[in-house]
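Heads up: the structure comes next, in structure tokens.
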Amino acid sequence: LSGHPPFHFDLSTFDIYGSLAAGAELHLVPPEANLLPHELASFIRRSELTQWFSVPSTMAYMAKLGAVTAAGFETLERVIWCGEVLPTPVLVHWMQRLPNARFTNLYGPTETTIASSYYTVAECPSDETEAIPIGKPCAGEELLILDEHLTPVGQGEIGELYIGGVGLTRGYWRDEEKTMAAFVPDPRAPNSGRRVYKTGDLCRLGEDDLVYFLGRTDTQVKSRGYRIELGEIEAALATLEDIREGAVVGVETEGFEGVAICCAFVPATGEQSGNDVRQQLRNLLPPYMLPSRWRVMSSLPKNANGKIDRRALRESFAAEGDRNHTVTR
Ligand code: AMP
């Protein structure tokens, strides 16, 4: 099995204890290989891995640079990913090249420890717009899809995912308030002391009885594997004197990036390019939070209530296309 995530990430415990429990060998992926898809491929080959567990951005990057070839991966029996949506075209790219491997999607927030649900893809999707389910609960875990009154929604309806069972952590370190807000009494037995975790993820139960992930209730996105609150970027943007107003939205891409972070802004005075603003934001934010697409506007689109229309912004950024990130088949 590959050991890909750093040790401070709960996902790494899956690799370590999973290998020990199965009597398998654990091969730690050298961190410097992460940005070199062909190096990752030769690591899989050299180590004769049977299980490759990585994240969608890595899988997309390897696909994009043509590093996935059946010839080199004869030993590989299973490919696993977790942490964000794997674009279906990337999955198809992998599955077509590795017809003998099984492909498993793991889903789960850190708060409920490693994975809470899983789905092993039945067959290579014939339609690249088909969504890959997050599947069924792992042993000892429960998935509940509830409305805002904590009542279960009907099959096929969209609700927020709550997780119960053995994976729940006690709460956030020294943050009772945040813990109380996210870990709520189990609505089916409010006095039992059992709790469920409010994920902030929108899901629905398909006709196939599998759970499908649809997006976030808030503005949290995953970009290049990082969990990012767009609001935090906007907050940093708002501190810049040269900006009159600005907004940050996430746009799904099919490439390595996952969600592209897009920023539109209105300069206060003079001429300011996206590059100028990016330079200023570099002092305030870690590199992975810096927007990758920019637009200078004379005013931001507003909705009927006078609020920034993020949806319109998102759509216009999405319409720009994703020319640089297409996956070849
Ligand atoms: P983290 O705690 O950093 O692992 O992030 C957890 C969040 O990542 C979840 O609440 C989901 O929004 C997202 N996530 C994790 N796994 C998946 C998956 N397999 N498919 C889609 N989203 C996922």
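Going left to right, the sequence shown walks through residues 2 to 330 as my numbering numbers them. C-beta: ideal position from N, C-alpha, C; glycine also. Quantities reported herein were computed from a predicted structural model and do not represent experimental measurements.
- Per DSSP, the beta-bridge partners of Cys-204 are Gly-160, Phe-214.
- CA-CA distance, Ile-146 to Gly-232, rounds to 26 Å.
- Following the DSSP letters along the chain, one finds Pro-186 in no alpha helix (DSSP H) but inside the beta strand (DSSP E) bounded by residues 184-186.
- A straight line joining the alpha-carbon of Gly-166 with that of Glu-143 spans about 6 Å.
- Every candidate beta strand (DSSP E) stretch fails here, since none sits fully inside the region 16-53 while reaching 3 residues.
- Non-local beta-carbon contacts of Ser-193 in its own chain, meaning distances under 7 Å to residues more than five positions away in sequence, involve Asp-187 in chain order.
- Nearest neighbour of Leu-36 by Cα position, chosen from Gly-136, Glu-258, Glu-75, turns out to be Glu-258.
- Between the region 282-296 and the region 224-244 there are three or more inter-stretch CB-CB distances shorter than 8 Å, so the stretches are counted as touching.
- Closest by C-alpha distance to Arg-171, out of Asp-148, Phe-318, Arg-196, is Arg-196.
- Put simply, the region 71-82 does not touch the region 258-275. Fewer than three CB pairs are less than 8 Å apart.
- The C-beta distance from Gly-247 to Glu-235 rounds to 7 Å, short enough to meet the 8 Å contact threshold.
- Tyr-198 sits close to Thr-113, with the two beta carbons spaced by under 8 Å.
- Classified as buried, Glu-85 has 16 or more neighbouring CB atoms from the shown chains inside 10 Å of its CB.
- In this structure Arg-296 is in contact with Ala-265, their Cβ atoms being roughly 4 Å apart against a cut-off of 8 Å.
- Between the beta-carbon of Val-260 and that of Ser-224 there is about 5 Å, and that keeps the pair under the 8 Å contact cut.
- Looking at the DSSP output, Glu-253 shares a beta bridge with Val-260.
- Going by DSSP, Leu-241 is part of no alpha helix (DSSP H) at all; its letter is neither H nor E.
- In the three-state reduction of the DSSP assignment, Glu-78 falls in the coil class.
- Ranking Leu-87, Gly-141, Arg-312, Ser-127 by CA distance to the CA of Tyr-213 puts Leu-87 first.
- Gly-275 carries a helical assignment under DSSP once its states are collapsed to helix, strand and coil.
- For Ala-25, the closest C-alpha among the options Thr-51, Pro-31, Ser-127, Leu-151 is that of Thr-51.
- With a cutoff of 8 Å on beta-carbon distance, Pro-57 and Val-80 are scored as not near each other.
- In this structure, His-5 places its C-beta atom within 8 Å of the C-beta atom of Ser-55.
- Taking all protein chains in view, the Cβ of Met-181 is surrounded by fewer than 16 other Cβ atoms within 10 Å, so the residue is classified as exposed.
- The ligand AMP never approaches Asp-176 closely enough for any of its heavy atoms to be under 7 Å from the residue's Cβ.
- Here Val-267 is near Leu-301, since their CB atoms are less than 8 Å apart.
- Counted as a single uninterrupted DSSP element, the alpha helix (DSSP H) harbouring Val-93 occupies residues 89-98.
- With 16 or more other Cβ atoms from the protein chains shown falling within 10 Å of its own Cβ, Arg-205 counts as buried.
- Secondary structure at Ser-317: helix, using DSSP grouped into helix, strand and coil.
- Scanning Asp-128, Glu-316, Leu-29, Gly-67 for the CA closest to the CA of Thr-89 turns up Asp-128.
- For Lys-223, no alpha helix (DSSP H) run applies; the uninterrupted beta strand (DSSP E) run containing it begins and ends at 221-224, by DSSP.
- One thing to note: Thr-200 has its Cβ within 8 Å of the Cβ of Glu-161.
- Nearest C-alpha to Ile-135 among Ser-13, Ile-262, Tyr-119, Trp-174: Tyr-119.
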